[in-house]
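Let me begin by presenting the structure, written as structure tokens, before commenting on it.
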Amino acid sequence: MSVESKAELIMAIEDYECEKRKRWDRGVDYSASDAKSEEKILLRLIAEPKSKSGFIGVDAVRKMSQILEQEKYNKGVLIGKRFSEAAKEEMMRNDIQMISENLTPQFTPQKLYLRIQNYIDNLCEGKCGKVPEKQSDCEGYSEGTYSCKIRLISDDASFHFERGWSTLLKNDLKRLLRICRHIPNK
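Shown next, in the form of structure tokens:
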């Protein structure tokens, strides 16, 4: 999974509302707010570290700490492929959450499934004008054939949730996020 996809997935699962997205020479900053607490959050994605080793160093963490303080963010999340040991220590000192290719927050199947259902309801409302009350209300499935990707993902997610398969639930959510990107005003 790309680091940018990871950022989008985390924002979706945590119910962060992206308020501003700003590209910079080595990555992307997402200014977001937490829908539950109204906290201001900075998710900084570093796609290209300065060091030749490919590690994100302590200077990048210190720069982010300054931005968090200057712009009065409540929380910071730094996302990248790999971090130096000094960078990891600095993030712990400054209470910045680290997400790397090897370290992604674990989410329960329940939390993933609830977020998936929210996206499905919104997509159904946008596409068909209503959220089906029961399976037979949905016209996206008939005689063993799916005519709607949203319905297919919904059924897949139910199956994955029943079995507690978090990895596949994350994939279901990623598929919904791709659909959302292609729908205007979503």
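To convert, count from 1 in the sequence shown and add 37; that's this note's numbering. A virtual CB, placed ideally from N, CA and C, is assigned to each residue, including glycine.
Exposure label - residue i; buried when at least 16 CB within 10 Å
i, result
"His219", "exposed"
"Gly181", "exposed"
"Gly113", "buried"
"Gly177", "buried"
"Lys43", "buried"
"Phe120", "buried"
"Arg188", "buried"
"Gly91", "exposed"
"Leu140", "exposed"
"Gly117", "buried"
CA-to-CA distance, residue j to residue i, given in whole angstroms
i, j, result
"Leu46", "Ile153", "11 Å"
"Tyr53", "Asp71", "5 Å"
"Ile229", "Asn131", "Residue coverage of the chain in this structure runs from 38 to 223, which leaves residue 229 outside it and unanswerable."
"Val98", "Ser173", "52 Å"
"Glu56", "Lys77", "10 Å"
"Lys186", "Val95", "44 Å"
"Met128", "Arg81", "13 Å"
"Ile50", "Leu149", "6 Å"
"Ser68", "Arg58", "6 Å"
"Ser74", "Met48", "14 Å"
"Cys175", "Pro169", "6 Å"
"Ile203", "Asp192", "One point to set straight first is that residue 203 is Ser, not Ile, in the sequence displayed. Approximately 15 Å between the Cα atoms of the pair."
"Gly163", "Gln107", "39 Å"
"Leu115", "Lys167", "38 Å"
"Asn208", "Ala194", "9 Å"
"Ser184", "Cys165", "13 Å"
"Tyr110", "Ile190", "35 Å"
"Glu85", "Asn155", "33 Å"
Sub-8 Å separation of residue i and residue j beta-carbons
i, j, result
"Ala124", "Ile93", "yes"
"Ile136", "Pro142", "yes"
"Gly201", "Pro146", "yes"
Distance between beta carbons of residue j and residue i, contact taken as under 8 Å
i, j, result
"Phe196", "Leu206", "With a Cβ gap of about 10 Å, Phe196 and Leu206 do not count as contacting."
"Ile216", "Leu151", "The Cβ separation is near 18 Å, so there is no contact."
"Leu213", "Ile157", "7 Å"
"Asp66", "Leu79", "6 Å"
Bridge partners - residue i, DSSP secondary structure assignment
i, result
"Gly64", "Trp61 and Ile83"
"Glu54", "Ser70"
"Tyr183", "Tyr178"
"Gln134", "Val114"
"Lys77", "Ser70"
"Ile93", "Phe120"
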